[in-house]
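Residue numbers (my numbering), protein chains in the order written: chain V, 235 to 453; chain P, 235 to 453; chain S, -19 to 280; chain L, -19 to 280.
Even glycine gets a Cβ: it sits at the ideal position worked out from N, Cα and C.
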Ligand SMILES: Nc1ncnc2c1ncn2[C@@H]1O[C@H](COP(=O)(O)OP(=O)(O)OP(=O)(O)O)[C@@H](O)[C@H]1O
Ligand SMILES: Nc1ncnc2c1ncn2[C@@H]1O[C@H](COP(=O)(O)OP(=O)(O)OP(=O)(O)O)[C@@H](O)[C@H]1O
Ligand SMILES: [Mg+2]
Ligand SMILES: [Mg+2]
């Protein structure tokens, strides 16, 4: 359960990225987040996993006020959330396999399970053949799928996907959407940011529409 | 005039990225390049501006065999070509304005013109307000537009755009497409790689379709 | 403990994956430590040289020819009870005359024709080193001069003064050089580790984003800093050992004959251990400063 | 020329935009140069100390009491014609005796009672330094001994031999230390500049992709390396000047009285210029190696 009350965010340089946003997303829900470039989609997601702070308002995740979490304990929040970053954030000096293991090492998974879970995640996104490649040796869409595998591998409660199919052709994009839906069917809350009208049309989920920092509609 | 004869490219690790590609693109033509993720689109573009070498075949650009250009003189080829990279390649420590100036400094433009041309390019992509921002302070779509402005600023003869609208919402994507068409109307050859079915439908240009490294159709 | 083992493993794989940056750090650290150790080596050897010179600071007590057994033993007791006196040697009247005639051997005939020995017996006292040694010597000289059986005392006041000043200068100079080197060393280490962290910026950020504990993020880097510094220090000890062995083979003999009793020696073992401990500490401190500042500033 | 001006401008803005990495380089270079200069400073001053010691290597020619005017002038001509002799001083019979009596002032009565002066007049010769000085002295000593009017010659053969060995040792040691420092210096500079290039990897790649000429890519980095090294060297000269001034104020007087005529001196101007030129060269060389290797490997 994610509850957002009257959220404001202004970046240095006076960009008003979010203005008076109030929202509620139920546990286990699947929502699309859409809006023009610069509307504030990424900003909203960043605030949810405490990567950006905000100026005014309140956010409760499972009833916990995230502004009140001490910096030393932010990791407890982040462990509940899997993120697909818009710019992937793969480590260029690690292979695909290592990149995905890295996410599990970071949360101190028992090392026996790491190999197994990494392999499973690679199978899901169809990249087992590329496991020893470095990110720069992959096509754009392949990099994106690695980023998705990494977000899924720790079985988070909440998935934040920032434009996870921007570089994928429509067929693979649909495959990926199904991956998120599979996670969702097991109780994971999914927020899926996208520009693609095709995506939005393909499914009948709730669409949260931002425009210049304001909430336009949540259908 | 770009002529490609029986081009083969195999990456280390035995990925056959391009297999027996033969193509001709006329000066002043506008073509779409499409294909699934991993089909070889980026590879083909990289070979055209000599960023990757190839194993077999021949490429003539304006009649010049690009495999025969000495490494010291590759810059003469690259100055004729403007590139929008799939991963943008903006310099994170330079502002938007400096990133665009950088492209002109690299080709030793007279410094009097640099300010003026940078400003003009920013106006074209609608980012004058963000000129002093750093790339990491921009939304994904804004970064992409900076990359486009940089490719246009040196008035190249050939424009290679690798997925230049992947992170843009349909409206802005169409705006950007018009920018490329404007350049094209002034005689610039444009190769526009994209996944977007909407893009391909929106215009009636020739579509070069790759599949697993092979040329499937050139309509 | 598990955290440390893991940190060690990760530090190791980090080093492997950016071996070029690490090599740069290690070489820089090695050079810095080599210089510090070369300096220690010179210092250790200079010290034993100074020890030799030190023996030449002496107070000579000339005895009356007619000194009584009792007076002489009073004198010897007095000297034995003075805690500043390090060593005493007795030169008899006969010995002094023999030495003198040896020096003027060409005049032996003339000197022999004197028919008597004009030189007195003497006691030569060496004083242990302390900053106010000259004062101690002057004071004791006064006391001795007043004793029965003492003809005169001699202690080359101005020479001693000069020697003391020189020693003070030497010590201060070495201290300054050493201080400069150590500050430089810590700077270099902290800087190279800053660069190493800097080159893994995205990785650190990403770890935090993926939900790693702060300590989990820090320890691999602390470990890496310590490993680098330790390896650098070990290599430098190797380098210096080679330099030392070469010098020893080349110069031991001539040095030994020039400064009697001198023996070119390596940095003492205890110092080598201090150096390794110091390298671990500087590695840790350098990393700690850098990683903490980085986490504060980069992670908002 | 335009290329260079531009390179300079870009180097400057590069430095500005990653001031932290550059500061690290400059400080490292400064520390390295400071050590080198400290070493030069010690060397310059040791040299004049050795000069003083050098004067003590002398050949003493004792003259017969009955030497004739003619014999003595023959002797003096002979000495004047020997090009190895640097300086000559004459100690008369009377002077020698006065000195002797001063040394044994407590025995003045006895010595005076001798009724005659047993000591000979002497000529004291200093030899200019050369690697075979001892041989020259030995040979000349033989010649002089055979002359009329010479009673005997004395030159402390074993002392000279030891001194020569010590000088040889000192020179070799200084050379070794200096060599190590210079190699270390070049390594450090080339490494810090490699790191600086490394931290601007994407920029270099991008320039090449955007169609920049190879020289256009290289020069800003060469310039940056040179600037960094130059600034580092200038700062180090400042640091060493301060150290020097402090030492001079503290120790000039006592040193001067200890080693007569010694005067603590700064690194000669010509050396300072060599150091600056050397810094420019090392900066250039370090950058050149790094950027060329980078362009070869990273740009395929
Ligand atoms: N770190 C930052 N500093 C300053 N301004 C920022 C920063 N990050 C984003 N912005 C600005 O805030 C606004 C919203 O950005 P945001 O990234 O949330 O947009 P978005 O909806 O994700 O766009 P896109 O679809 O293009 O990714 C933009 O105008 C952007 O320039
Ligand atoms: N540097 C490289 N080293 C090894 N393999 C590579 C390298 N670059 C690309 N590949 C592989 O070559 C194939 C073609 O890649 P390319 O980037 O050309 O695809 P693409 O058509 O641009 O895909 P996308 O639409 O996802 O960007 C892929 O299988 C990719 O993994
Ligand atoms: Mg975004
Ligand atoms: Mg691609």
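Proximity test, Cβ basis, 9 Å: residue 377/V and chain S: No, no contact with chain S.
Three-state secondary structure assigned by DSSP to residue 73/S: helix
Runs of beta strand (DSSP E) wholly within the segment 340 to 421 of chain P (minimum 3 residues, chain order): 392 to 396
Within-9 Å CB hit, residue 273/S to chain V: no
Beta-carbon contacts of residue 99/L that lie in its chain and below 7 Å, excluding the five residues immediately before and after: 73, 76, 77 and 80
Residue-level contact to chain S via CB, residue 8/L, 9 Å cutoff: yes
Inter-residue Cα distance where the pair is residue 272/L and residue 4/S: 18 Å
Residue 179/L: CB within 8 Å of a non-hydrogen atom of ligand 3: no
9 Å Cβ cutoff met for residue 385/P and residue 318/P: yes
Residue closest to residue 344/P, alpha-carbon to alpha-carbon, out of 228/L, 200/L, -17/L and 201/L: -17/L
Extent of the continuous alpha helix (DSSP H) to which residue 246/V belongs: It is not in any alpha helix (DSSP H) - residue 246/V carries neither H nor E in the DSSP assignment.
Short Cβ contact (9 Å threshold) for residue 11/L with residue 250/L: Not in contact: residue 11/L and residue 250/L (Cβ atoms no closer than 9 Å).
Collapsed DSSP secondary structure at residue 428/V in the structure displayed: Residue 428/V: coil per DSSP, three-state reduction.
Residue-chain proximity (residue 431/P, chain V), Cβ-Cβ < 9 Å: Yes, residue 431/P counts as interfacial toward chain V.
Residue-chain proximity (residue 373/P, chain V), Cβ-Cβ < 9 Å: yes
Other residues of its chain near residue 368/P: CB distance less than 7 Å, five sequence neighbours each side excluded: 326 and 329
Any residue whose CB is nearer than 5 Å to a heavy atom belonging to ligand 2, listed in chain order: Those satisfying the condition are, in chain order, 371/V, 372/V, 373/V, 374/V, 375/V, 245/P, 249/P, 251/P, 271/P, 272/P, 273/P, 274/P, 275/P, 276/P and 277/P.
Residue nearest to residue 180/S in terms of C-alpha spacing, selected from 243/V, 324/V, 435/V and 446/V: 324/V
Residues bridged to residue 451/V [DSSP beta-bridge criterion]: 443/V
heavy atom of ligand 3 below 8 Å from residue 405/P C-beta: Not under cutoff, so the answer is no.
Rounded C-alpha distance that separates residue 299/P from residue 440/P: 24 Å
Extent of the continuous alpha helix (DSSP H) run through residue 55/S: 49 to 61
Rounded Cβ spacing between residue 284/P and residue 312/P (contact assumed at less than 8 Å): The pair is a contact, with the Cβ atoms about 7 Å apart (cut-off 8 Å).
Cβ-based burial, residue 245/L [other Cβ within 10 Å; buried from 16]: exposed
Beta-carbon neighbours of residue 19/S, restricted to chain V and to distances below 9 Å: What residue 19/S touches in chain V: nothing, since even the nearest Cβ is about 38 Å away.
Alpha-carbon spacing of residue 125/L relative to residue 43/L, whole angstroms: 10 Å
Any non-hydrogen atom of ligand 4 closer than 8 Å to residue 320/P Cβ: yes
Any chain S beta carbon closer than 9 Å to residue 310/V: Interface criterion met: the Cβ of residue 310/V is under 9 Å from a Cβ in chain S.
Residue 327/V, enclosing alpha helix (DSSP H) - first and last residue: Element bounds for residue 327/V: n/a, residue is neither H nor E.
Within 9 Å, strictly: CB atoms of residue 277/P and residue 403/V: No.
Cα-Cα separation, residue 116/S to residue 106/S: 12 Å
Residue environment, residue 427/P, which counts as buried when at least 16 other CB atoms sit within 10 Å: Burial call: buried.
Near ligand 1: residue 287/V beta-carbon under 8 Å from a heavy atom: no
Pairwise C-alpha distance: residue 69/L and residue 134/L: 15 Å
Sufficient close CB pairs (3 or more, under 8 Å) joining the segment 198 to 211 of chain L to the segment -13 to -2 of chain L: yes
CB contact below 9 Å: residue 358/P versus chain V: no
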